[in-house]
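Residue numbers (the numbering used here): 230 to 333. All C-beta atoms in this analysis are idealised placements derived from N, C-alpha and C, irrespective of residue type, glycine included.
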Amino acid sequence: MTEDLVPPLTVVRPGEGAEGFLGSIGVVFKLGGADTNGALSVVEHPFPVGALVPPHLHTREDEYSIVTEGEIGFRSGDREAALGPGGYITKPRGELHAMWNAGP
């Protein structure tokens with residue numbers, strides 16, 4: 230790996246990041262694609278109970294999700310899982326996937 234591909238040390242504290250909304254869920258960009266020359270972005274999604282991200286796909290990147298609290302349901306391709314805190318899932322690029330808050 231060349232030195233120009235190594236990202237600089239980046240610290241983003243709780244409550245920091247560029248905030249917005251993506252349909253019914255929140256989005257907090259902790260690290261954006263512009264910060265990494267398009268290599269990756271790190272995003273936090275505040276996810277209210279009952280919220281749903283409808284089926285969609287990404288053409289340029291894989292999506293990685295870690296559940297930090299509550300229970301989030303995922304469907305990617307023909308696979309489905311509901312994960313609690315600490316759960317992790319990879320949603321491959323080009324594969325239709327959806328997410329929802331599976332909590333009470």
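- One alpha carbon belongs to Ser305, the other to Leu251, and they sit about 19 Å apart.
- Judged by DSSP in its simplified three-state form, Ala263 adopts helix.
- Residue range 317-320 is occupied by the beta strand (DSSP E) that includes Thr319.
- Inclusion of Thr239 and Glu273 in the CB contact set at 9 Å is not warranted, their separation being larger than that value.
- Inclusion of Glu290 and Leu269 in the CB contact set at 9 Å is warranted, their separation being smaller than that value.
- Taking 3 residues as the shortest admissible run, the segment 267-293 contains the following complete beta strand (DSSP E) segments, listed from N- to C-terminal end: 271-273, 281-285.
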